[in-house]
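To keep things clear, I will list the structure first and then write my remarks on it.
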Amino acid sequence: MHALSLKAKTALVTGSTSGIGLGIARSLAAEGANIVFNGFGDINEIQVLQTAVESEFGVQTAYHNADMSKAGEIEAMMQFAASKFGGVDILVNNAGIQYVANIEDFPVEKWDAIIAINLTSSFHTTRLALPYMKQKNWGRIINLASVHGLVASAQKSAYVAAKHGLIGFTKTTALETAQTGITCNAICPGWVLTPLVQKQVDDRAAKEGVDNDTAKKRLLAEKQPSGEFVTPEQLGALAVFFCSEAGQQIRGVAWNMDGGWVAQ
Ligand code: NAD
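Take a look at the structure:
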């Protein structure tokens with residue numbers, strides 16, 4: 002078997018209908034993994050991206066639209082994955098949202114939603130996926146944290162708290178699975194030009210009265226020394242590496258891919 006082959010593995014990627022999750026799902030499919038997609042979006046568009054992955058990579062896909070803020074829906078999604086593919090071998094906790102405001106203006110319901118979707122959902126998916134992984138003594142859990150899991154930015158209190166928490170949860174999961182074939186690691190991207198960041202670019206362009214390209218350059222210039230966006234494909238390649246045999250003893254790391262952001 003090719004060292005990196007993920008043939009016959011099942012990967013559940015939360016929030017994989019766009020952006021980074023979609024990029025990681027495609028990279029895992031390219032190595033042979035069947036994919037359970039999750040996330041919101043137009044059902045016809047989701048079917049189009051499923052068909053594209055199936056025909057491009059010769060894998061099977063399924064889709065479940067569980068809301069990651071709801072424990073009951075996450076349980077139903079795991080049962081769906083088990084009924085379709087017999088379990089989950091690779092779990093990518095990627096679904097995430099963002100809100101920007103000073104602490105005293107931060108809406109309580111936004112705080113609760115960010116903690117639920119960006120942090121608590123990973124507890125639920127992990128506790129439900131581990132029994133399947135333990136049966137096979139093989140598994141890979143990859144948590145999409147952020148540079149904001151390592152350093153803070155003002156006006157992002159809930160996001161920063163959730164991502165720091167997710168890194169702590171990653172390390173704990175790695176320790177609890179240390180003597181098994183299951184690994185758990187976090188990926189910490191810097192700026193990636195997905196719909197989540199495009200909104201920040203648009204807001205900034207409007208606020209500062211500049212065009213989109215200038216807003217993008219300003220965003221990068223402030224934090225990301227490379228001056229370039231990280232891409233979903235680059236993050237997908239890192240996820241594939243974590244899934245490979247070479248990744249077997251990489252446990253509990255928070256690996257930044259950030260164009261130099263946290264090196265400053
Ligand atoms: P995105 O907005 O492009 O995609 C988010 C995905 O999550 C979508 O598929 C969306 O449908 C799904 N989603 C949102 N709320 C959901 C919910 N309640 N239940 C189920 N699915 C839900 O965002 P992205 O930029 O691709 O971000 C993906 C992850 O990467 C997030 O956890 C984000 O915090 C993290 N991240 C992003 C960046 C960046 O620069 N884009 C940087 C660091 C970390």
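This note's numbering puts the first residue of the sequence shown at 2, with every later residue one more than the last.
No residue lacks a Cβ here, since even glycine has one placed at the ideal position from N, Cα and C.
What you are looking at is a predicted structure, and each value in this text was computed from that prediction instead of being measured.
Exercise. From residue 108 to residue 162, what distance separates their C-alpha atoms?
Worked result: Answer to the nearest angstrom: the Cα atoms are 15 Å apart.
Quiz item: In this structure, what does DSSP give as the bridge partners for residue 266?
Solution: An answer regarding residue 266 cannot be provided, because it is not within the stretch 2 to 265 covered by the chain.
Checklist entry - What is the DSSP secondary structure of residue 52, counted as helix, strand or coil? => result Helix at residue 52.
Quick check on DSSP: helix, strand or coil for residue 161?
It is helical.
*asked:* Using the Cβ count rule (16 or more neighbours within 10 Å means buried), how would you classify residue 32?
replied: Answer is buried; the Cβ neighbour count reaches 16.
Checklist entry - Beta-carbon separation of residue 16 and residue 97 under 8 Å? => result Less than 8 Å separates the beta-carbon of residue 16 from that of residue 97.
Requested in this report: Check whether the Cβ atoms of residue 191 and residue 231 sit closer than 8 Å, and answer yes or no.
Outcome: Closer than 8 Å, so yes.
For residue 119, the three-state DSSP class (helix, strand or coil) = In the three-state scheme derived from DSSP, where H, G and I count as helix and E and B as strand, residue 119 is classed as helix.
Roughly how many whole angstroms lie between the Cα atoms of residue 194 and residue 110? Each residue's CA atom was taken as its position, placing residue 194 and residue 110 some 26 Å apart.
Check your understanding: When the Cα atoms are used, what is the spatial distance from residue 30 to residue 10?
Key -> Those two C-alpha atoms are separated by around 10 Å.
For residue 163, would you say it is in contact with chain B, using Cβ-to-Cβ distances shorter than 8 Å as the test?
Any reference to chain B falls outside this structure, which holds one protein chain only.
With hydrogens ignored, establish whether the beta-carbon of residue 145 is closer than 7 Å to any heavy atom of ligand 1. Yes; taking the cut-off as 7 Å, the Cβ of residue 145 has a heavy atom of ligand 1 nearer than that.
Practice problem: For the segment 22–70, list the alpha helix (DSSP H) runs that are entirely contained and at least 4 residues long, ordered along the chain. | Solution: Within the segment 22–70, the complete alpha helix (DSSP H) segments of 4 residues or longer fall at 44–58, listed in chain order.
- Query: Taking residue 24 as the reference, which of 157, 145, 229 and 75 has the closest Cα?
  - Reply: Looking from the CA of residue 24, the closest CA among 157, 145, 229 and 75 belongs to 145.
* **Reference residue 149, options 122, 61 and 259, closest by Cα** => Here the closest residue by C-alpha is 259.
* Going by DSSP, which residues form a beta bridge with residue 190? -> Answer is 258.
Q: Could you name each continuous alpha helix (DSSP H) segment of 4 residues or more that falls completely within the segment 70–135, going from the start of the chain to the end?
A: Here the runs fully enclosed are 72–86 and 109–116.
Is residue 227 near ligand 1, judged by its Cβ being under 7 Å from some heavy atom? No.
Quiz item: In three-state DSSP terms, what is residue 2?
Solution: Residue placement at residue 2 is flagged as unreliable, the pLDDT there being 41, under the threshold of 50; the coordinate-derived value follows with that caveat. Here residue 2 sits in coil by DSSP.
Does the distance from the CB of residue 189 to the CB of residue 142 come in under 8 Å? For residue 189 and residue 142, no; Cβs fall outside 8 Å.
request  = Output the boundary residues of the alpha helix (DSSP H) element that contains residue 14.
outcome  = Here residue 14 belongs to no alpha helix (DSSP H); instead the beta strand (DSSP E) covers 11–14.
ask   = How many angstroms separate the CA atom of residue 38 from the CA atom of residue 82?
value = Whole-angstrom Cα-Cα distance: 10 Å.
### Message
Output needed for residue 95: all residues of its chain with C-beta closer than 7 Å, excluding positions within five of it in sequence on either side, in chain order.
### Response
Only 14, 15, 16, 17, 21, 22, 25 and 145 meet the Cβ criterion.
* residue 180 burial status per 10 Å Cβ neighbour count (16 or more: buried) -> A residue is called buried when at least 16 other Cβ atoms come within 10 angstroms of its Cβ; residue 180 does not meet this threshold and is exposed.
Anticipated Cβ contact below 8 Å, residue 123 with residue 170, distance rounded = With 8 Å as the limit, residue 123 and residue 170 qualify as a contact, their Cβ atoms being about 6 Å apart.
**Study point:** DSSP bridge partner residues for residue 231 (one or two, in chain order)
**Key:** DSSP lists 193 as partners of residue 231.
- Cβ-heavy atom distance, residue 119 to ligand 1, below 7 Å: Yes, since a heavy atom of ligand 1 falls inside the 7 Å radius drawn around the Cβ of residue 119.
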